[in-house]
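Peer 1:
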Amino acid sequence: MASRKDFAQKKNRSSGASRSRSSAPSKPAKAAPAPRRAPRALLLVTLVAVGGLGFGLYRLIGLQSAVTPEVRTQAASPAPKPAPAPAATAKTAPAPAADAETQRRFEFYDMLPKSEVEAPQVEAYKSTPRTAKLEHSYLLQAGSFRDPADAERMRARLLLAGLPNVTTSRVDGSNGTWYRVRSGPFTNRQELNKAENKMVKLSIQPMQIKQ
390 MASRKDFAQK
400 KNRSSGASRS
410 RSSAPSKPAK
420 AAPAPRRAPR
430 ALLLVTLVAV
440 GGLGFGLYRL
450 IGLQSAVTPE
460 VRTQAASPAP
470 KPAPAPAATA
480 KTAPAPAADA
490 ETQRRFEFYD
500 MLPKSEVEAP
510 QVEAYKSTPR
520 TAKLEHSYLL
530 QAGSFRDPAD
540 AERMRARLLL
550 AGLPNVTTSR
560 VDGSNGTWYR
570 VRSGPFTNRQ
580 ELNKAENKMV
590 KLSIQPMQIK
600 Q
């Protein structure tokens, strides 16, 4: 019986100890590790880039400073003056040549009156007025026909057109009988031209017959 009590007491002690351990405060968590530093390779690349940029700026400034003095020197240098033209030398003709030229002029003026040609006298043109009387009277023949009916038709056309003194005449010859249609006579140039124009408008080619 004593052994059982001792075991029960030990068990209770162990359970109490475990409770006391569980109720004890927990320890704080460990802090997060600090961030690592940038690697050395990245730092080296940055240094090289900065150095290259500085070298490029230095070269650019040097080129500009080298070009600017040269441009200023060219602008400051005066333009070359044109060379003076050589003075024209006066040409003097020899005396014998001048004498020969004078002699030829005298000979020309001496020959000029001898070479003149007298133009023939021409009478002034006298215009003939349209109303002037003709030296001869004229008839205008409109046509010559074998058939008297054709001659009468032509005579009627001329009368309707206003032509004066339209007549039809019969002519017997070795080549047969012909019937001629004529207008006139005309003793004035203006009347003759007027009658011709009327026949032309009728598609007739008149023939002038002098009396």
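When the sequence shown is numbered by our numbering, its final residue is 600 and no position is left out of the sequence of numbers. Even for Gly, the Cβ is constructed at its ideal location relative to N, Cα and C.
In chain order, what residues of the same chain lie with their CB nearer than 7 Å to the CB of ARG546, ignoring the 5 residues before and after it?
Peer 2: Here residue 546 refers to the residue found at position 157 when the sequence shown is read from its first residue. Contacts found: LEU591.
Peer 1: Decide if VAL555 is buried, meaning its Cβ has at least 16 other Cβ atoms within 10 Å, or exposed.
Peer 2: Here residue 555 refers to the residue found at position 166 when the sequence shown is read from its first residue. With 16 or more Cβ atoms within 10 Å of its Cβ, VAL555 is classed as buried.
Peer 1: For THR435, write down the residues that DSSP places opposite it in a beta bridge.
Peer 2: Counted from its first residue, the sequence shown places residue 435 at position 46. None, per the DSSP bridge assignment.
Peer 1: Report the residue from GLU524, GLN492, SER533 and HIS525 whose alpha carbon sits nearest the alpha carbon of PRO595.
Peer 2: Against the sequence shown, residue 595 aligns to sequence position 206. Nearest option by C-alpha distance: SER533.
Peer 1: Taking a contact to mean a Cβ-Cβ separation below 8 Å, would you say ARG544 touches THR557 in this structure?
Peer 2: In the sequence shown, the residue the question calls residue 544 occupies position 155. In the sequence shown, the residue the question calls residue 557 occupies position 168. Result yes, Cβ atoms of ARG544 and THR557 sit closer than 8 Å.
Peer 1: Taking the C-alpha atoms as reference points, what is the distance between GLU601 and HIS525?
Peer 2: Only positions 390 to 600 of the chain appear in the structure, and residue 601 is not among them; the question remains open.
Peer 1: If you drop the 5 nearest sequence neighbours on each side, which residues of the same chain put their C-beta closer than 7 Å to that of ARG559?
Peer 2: For the purposes of this step, residue 559 is identified with residue 170 of the sequence shown, where counting begins at 1. THR566 and TYR568.
Peer 1: Taking only the alpha-carbon atoms, compute the straight-line gap between GLY440 and ARG429 and give it to the nearest angstrom.
Peer 2: Residue mapping note: residue 440 aligns to position 51 of the sequence shown, counting from 1. Residue mapping note: residue 429 aligns to position 40 of the sequence shown, counting from 1. One C-alpha to the other measures close to 17 Å.
Peer 1: Tell me where the alpha helix (DSSP H) around ARG535 begins and ends.
Peer 2: Along the sequence shown, read from residue 1 onward, the residue named residue 535 stands at position 146. Careful: ARG535 lies outside any alpha helix (DSSP H) and carries neither H nor E.
Peer 1: Taking only runs of the beta strand (DSSP E) that begin and end inside the stretch 549-584, which ones reach a length of at least 3 residues, in chain order?
Peer 2: Taking only runs of at least 3 residues, the beta strand (DSSP E) segments lying wholly in the stretch 549-584 are 555-562 and 565-577.
Peer 1: Considering only the alpha carbon of each residue, which of GLN600, ASP561 and LEU548 lies closest to ALA584?
Peer 2: In the sequence shown, the residue the question calls residue 584 occupies position 195. ALA584 has its Cα closest to that of LEU548, out of GLN600, ASP561 and LEU548.
Peer 1: To the nearest angstrom, how far is it from the Cα of THR576 to the Cα of ASN564?
Peer 2: Stepping through the sequence shown from its first residue, residue 576 is reached at position 187. Stepping through the sequence shown from its first residue, residue 564 is reached at position 175. Those two C-alpha atoms are separated by around 32 Å.
Peer 1: ALA540 and ARG571 look like a contact to me (Cβ under 8 Å); what is the Cβ gap, rounded to whole Å?
Peer 2: Here residue 540 refers to the residue found at position 151 of the sequence shown. Here residue 571 refers to the residue found at position 182 of the sequence shown. Going by Cβ atoms, the distance from ALA540 to ARG571 rounds to 10 Å, so no, they are not a contact pair.
Peer 1: Let me check understanding here. Comparing Cα to Cα, which of PRO574, GLU496 and GLY551 lies closest to LEU523?
Peer 2: By 1-based counting over the sequence shown, the position of residue 523 is 134. Comparing Cα positions, the closest option is PRO574.
Peer 1: Is the Cβ-Cβ distance between LEU529 and GLN597 less than 8 Å?
Peer 2: Taking the sequence shown and counting its residues from 1, one reaches residue 529 at position 140. Taking the sequence shown and counting its residues from 1, one reaches residue 597 at position 208. It is a contact, given that the beta carbons lie within the stated cut-off.
Peer 1: What three-state label does DSSP hand ILE598 in the structure shown?
Peer 2: Taking the sequence shown and counting its residues from 1, one reaches residue 598 at position 209. Note: ILE598 maps to strand in three-state DSSP.
Peer 1: Just checking my contact of ALA550 with LYS587 at CB under 8 Å: how many whole Å lie between their CB atoms?
Peer 2: On the sequence shown, position 161 is the one that residue 550 refers to. On the sequence shown, position 198 is the one that residue 587 refers to. With a Cβ gap of about 5 Å, ALA550 and LYS587 count as contacting.
Peer 1: What does the alpha-carbon distance come out to for the pair ARG448 and LEU433?
Peer 2: By 1-based counting over the sequence shown, the position of residue 448 is 59. By 1-based counting over the sequence shown, the position of residue 433 is 44. Roughly 23 Å separates the two Cα atoms.
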